[in-house]
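Going line by line, the protein sequences match chains A and B.
Position 50 of the first sequence, counted from 1, bears residue number 703 in my numbering, the numbering being contiguous throughout.
Position 18 of the second sequence, counted from 1, bears residue number 361 in my numbering, the numbering being contiguous throughout.
For reference, the structure discussed in these notes is given below.
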Amino acid sequence: MATIIIPTPLRKFTNNTAKLQITGGTVESSIKELTTNFPDLKRHLLDESGHIRSFVNIFVGDEDIRDLQQEQTQVKEDTVVSIIPAIAGGN
Amino acid sequence: MITVERSAEKIMYDDAVKAFPDECCGFMYGHEDAAGNRMVTQALPINNAAVENRKRRFEIAPKDYMKGERHAVENDLELLGIYHSHPNHPAIPSEHDRVAAQPFFSYVIISTESDGVKNTRSWVLNSDSQFDEEVYANHLTNTNKI
């Protein structure tokens with residue numbers, strides 16, 4: 654099983670769990686599995702067309718999936734997937 | 344309510360003054376009690392990674408965010424929120440702040456001018472993705488600075 658790390662602000666939607674086991678496959682299927690198990694996460698991770706929101710970064714290991722194969726990036730059994738909220742703003 | 348220990352507040356204020364006229368940003372750590380009251384015991388300044396217009400924008404790089412989460416685990420603290428400054432602007436969240444804001448986190452905004460910190464207020468996103476203000480206090484004075 655692969656591991657997915659949930660950032661602090663989203664843990665209230667995963668029963669305060671920081672690390673979850675997922676089947677793997679691709680990032681897309683992993684996120685789908687996650688949002689199926691925790692439906693309240695969906696609006697924080699996916700946009701209206703079902704793609705990962707622009708304010709959410711997904712890292713596989715230490716690499717941003719935007720530098721890999723985007724949502725089709727492979728997730729293997731020993732992969733650690735990190736969900737990283739984009740922290741930005743200004744006046 | 345969010346209470347910030349004076350030592351943490353000093354780090355945040357020093358960061359805001361040093362960064363002026365640019366925006367500063369950083370993490371706030373501590374604990375939350377069962378009633379939802381937050382006590383910030385540590386502040387950690389982070390590099391403002393905004394590529395353009397740092398006078399009006401801040402950004403925390405993803406790898407810095409990962410380090411920030413790790414710091415919480417290693418020190419048995421909770422990552423309670425983000426602070427940033429608004430140089431020459433009030434401590435009120437902008438639309439840029441709201442659109443990018445995360446649930447749960449406290450967003451402490453420090454209004455600064457050329458002669459120092461003017462005002463500090465804290466905001467939390469509600470379930471309708473709008474900001475609600477939370478009472479901000481520091482540990483010594485317990486003063487609500489609204």
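Cβ atoms here follow ideal geometry from the backbone N, Cα and C, with glycine treated the same way.
Computed from a prediction, not measured in an experiment: that's the story for all the values here.
- Assigned with DSSP and collapsed to three states, B/MET371 falls in strand.
- Here A/PRO662 is buried, its C-beta having at least 16 other C-beta atoms within 10 Å.
- The alpha-carbon of B/GLY424 is positioned some 7 Å away from that of B/TYR372.
- As computed with DSSP, A/THR656 is found in a beta bridge with A/GLN674, A/VAL733.
- Burial state of B/GLY411 is buried, judged by a 10 Å Cβ sphere holding 16 or more other Cβ atoms.
- B/PRO446 sits away from B/TRP466, with the two beta carbons spaced by 8 Å or more.
- Between A/VAL734 and A/ILE659, the beta carbon gap of about 10 Å keeps them out of contact (Cβ cut-off 8 Å).
- The Cβ neighbour count for B/GLN385, taken over all protein chains shown within 10 Å, is at least 16; the residue is labelled buried.
- At a cut-off of 8 Å between C-beta atoms, B/ALA386 does not count as an interface residue with respect to chain A.
- A/SER682 and B/ARG413 have their C-alpha atoms spaced approximately 26 Å apart.
- With contact defined as three or more Cβ pairs closer than 8 Å, the region 358-369 of chain B and the region 710-727 of chain A are not in contact.
- The contact set of A/ASP717 on chain B, defined by CB atoms closer than 7 Å, consists of PRO405 in chain order.
- In the structure shown, B/GLU477 falls within a strand segment according to DSSP collapsed to helix, strand and coil.
- The beta carbon of B/ILE354 is closer than 6 Å to those of ALA386 in its chain, skipping five residues each way along the sequence.
- Close to B/SER470, with beta-carbon spacing below 9 Å, lies no residue of chain A; the smallest spacing is near 10 Å.
- If you ignore the 5 residues before and after B/ARG441, its C-beta comes within less than 8 Å of the C-beta of LEU468, SER472, GLN473, PHE474, all in its own chain and listed in chain order.
- Within the region 435-452 of chain B, the residues whose Cβ lies closer than 9 Å to any Cβ of chain A are, in chain order, ILE435, PRO436, SER437, HIS439, ASP440, ARG441, VAL442, ALA443, ALA444, GLN445, PRO446, PHE447, PHE448, TYR450, ILE452.
- A direct Cα-Cα distance of roughly 16 Å separates B/HIS482 from B/ASN462.
- For A/ALA655 and A/THR688, the gap between their C-alpha atoms comes out near 16 Å.
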